[in-house]
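Under my numbering, the first residue of the sequence shown is numbered 791, with each subsequent residue one higher.
Okay, structure first, notes after.
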Amino acid sequence: MDATAFHVMTRQPPRGSHDFMPSPKMPFTYEQARLLAVLSLINFVNFADRQVLNPLVPLLRQHFNVTDAQLGSLQWILLVVLALASIPSGWLADRFNEPKIICVGVLFWSLAAIASGLAPTFAFLFVARGLVGIGEAAYAPAAQSLISDSFSRESRATAQSIFAAGMILGGVSGLALGGIMGERHGWQHAFFVVGILGVIPGLTALKLKEPQRRPRSEVVPIVQLLRVPAFVAMIVAGICVTFSSVSFVTWGIDYAKTYKDFSTKEASLSLAVIALFSSVLGAISAGYLADRLQKKLSYGRVLIMAFAFLAAAPFLLLAIQADDKRVVLAGFFVSMFFMSWYHGPTTAVIHDLTPQRAHATAIGVYMFATQILGGFGPLFIGKISDMSDLQIGLQAATAVMVFGALLLLVVIYFIRRDGLHHPHLAQFRAEDEAAAIAKRAQYSSGI
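Okay, structure coming up:
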């Protein structure tokens, strides 16, 4: 045993199969903080690119002369392609260098975003938005796996929530950017800006270092993951949550403009400011609360998520039905606060349920199901709007969200019955002490 490993073992004794012990003086080491900063910035630009489309919906409707269902298909195709690419991307991330996969994914969706701004026809824009999904699928499972493998199990939800905060801030910035630039310079320039902004953080990802991981020969087959009932129940609940959340994100601004007498700029900025404060505060709070409750209950993180969606539902209905603008914004503020509790704890729960060498694959499988099925939300709500009324469509989306919250209670049942470590995956959880020691040494020395 070398001196570094001995020092790490005596100063920071192991606590788990692949836990990392942070410095007692700081919540995160420099290397952990750097990793979170880079990946959160990538998440920021990624979701700015995804959400910049939504305030441009009225402009795209006028420019291309298309229906609401066609406009809803732009988010749908992105999510479907993302879903289809998520499983192979997660499979690759569990076997090869994660920072390189992240870099390739970011550069790919950046180019696809620029191509979106060059679209001469709606069909071209449809294809370009689909290609954005390939890049997103390449980076997301790898990034989330890299974070969980670099932090202790006890702090996973907090770390993943910080990463999710980048997503929320990026989505908010995309809404504001699309609303401002769309009216001043045209919808094309908004796509150009978010595409160009992705290049620098994408290249920076190449400098990130992978923590020590278990041997590549010990990866987990997907069929084994699907034998874990709690994981499958998480997927079904996630489909409902995704259906609802992407529907509100896609149609929220257009709804405020059409039904509540907001201008495009007013709706974009108002909802962006609300989301900025409520969602970021909610995401960070949820990570802390989920990690605290997880120390007392094996299903603590799931319980936090279920409570949050049930608490959000009445405020969503208030925002949909109210006539006063202030009440509409207040309803969205509270509901967004609770809905943002979902992001960090979800990834932490999935990684708690699965062995280390299945982290990216598990996220890939989860994204495949939730995006390809939940992604029908904007399209389905658009069809309801064409046939009847957008207000009715958003009420239906709220009901789907409540059903997803109730399904999270099923996840709790399976965790109480089987534990976090299901027997079907026991053979893939064998302790690799040498890798754990090397990992602690790597981060403790700030490498």
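C-beta atoms are modelled at their ideal positions from N, C-alpha and C, and glycine is treated no differently.
Because the structure is a prediction, the values reported are computed rather than measured.
When the Cα atoms are used, residue 946 and residue 1128 turn out to be separated by approximately 19 angstroms. Pairing residue 949 with residue 941 gives a Cβ-Cβ distance under 7 angstroms.
Under the DSSP assignment, residue 1145 falls outside any alpha helix (DSSP H); it carries neither an H nor an E label. Counted as a single uninterrupted DSSP element, the alpha helix (DSSP H) harbouring residue 993 occupies residues 989-994. Residue range 1019-1049 is occupied by the alpha helix (DSSP H) that includes residue 1032. Within the region 1062-1111, the alpha helix (DSSP H) runs of at least 4 residues that lie entirely inside it are, in chain order, 1090-1111. Boundaries of the alpha helix (DSSP H) around residue 1201: 1180-1208. Excluding its 5 nearest sequence neighbours in each direction, residue 854 has C-beta neighbours in its own chain below 7 angstroms: 912, listed in chain order. In chain order, 862, 863, 866 place their CB closer than 6 angstroms to the CB of residue 1169, counting only its own chain and leaving out the 5 sequence neighbours on each side.
For residue 911, the three-state secondary structure derived from DSSP is coil. The Cβ atoms of residue 842 and residue 964 lie closer than 7 angstroms to each other. Residue range 858-883 is occupied by the alpha helix (DSSP H) that includes residue 858. Residue 1158 and residue 931 have their C-alpha atoms roughly 11 angstroms apart. In this structure residue 1068 is buried. Its beta-carbon is surrounded by 16 or more other beta-carbon atoms within 10 angstroms. With respect to the 7 angstroms criterion, residue 1164 and residue 1033 are classified as neighbours on the basis of their beta carbons. As the crow flies, the alpha-carbon of residue 1035 is around 14 angstroms from that of residue 1107. In this structure the region 1050-1069 does not lie against the region 1184-1204, because fewer than three pairs of beta carbons, one per stretch, are closer than 8 angstroms.
Here residue 983 is actually not in contact with residue 835; their C-beta atoms are around 10 angstroms apart, not less than 8 angstroms. By the criterion of a C-beta distance shorter than 6 angstroms, residue 1122 is surrounded in its chain by 1064, 1109, once the five residues flanking it on both sides are discounted. Annotation for residue 1099: 1191, 1195 place their beta carbon closer than 6 angstroms to its own, counting only its chain and skipping 5 residues before and after. With fewer than 16 neighbouring CB atoms inside 10 Å of its own CB, residue 979 falls in the exposed class. Per the C-alpha coordinates, the member of 914, 889, 919 positioned closest to residue 936 is 889. Secondary structure at residue 1052: coil, using DSSP grouped into helix, strand and coil.
Boundaries of the alpha helix (DSSP H) harbouring residue 1173: 1166-1177, taken from the DSSP string. In the three-state DSSP reduction, residue 926 falls in the helix class (H, G or I). If you look at residue 824, you'll find it in the alpha helix (DSSP H) that goes 820-841.
Rounded to the nearest angstrom, the gap between the Cα atoms of residue 1101 and residue 1138 is 21 angstroms. The beta carbon of residue 915 is closer than 8 angstroms to those of 850, 854, 864, 906, 909 in its chain, skipping five residues each way along the sequence. Relative to residue 1210, the option among 1043, 1172, 1019 whose CA is nearest is 1019. For residue 889, the three-state secondary structure derived from DSSP is helix. Rounded to whole angstroms, residue 1213 and residue 1111 show a C-alpha spacing of 48 angstroms. For residue 943, no alpha helix (DSSP H) segment is defined, and its DSSP state is neither H nor E.
Proximity of the region 823-834 to the region 1011-1025 falls short of the contact definition, fewer than three beta-carbon pairs being nearer than 8 angstroms.
Residue 1172 and residue 1182 have their C-alpha atoms some 11 angstroms from each other.
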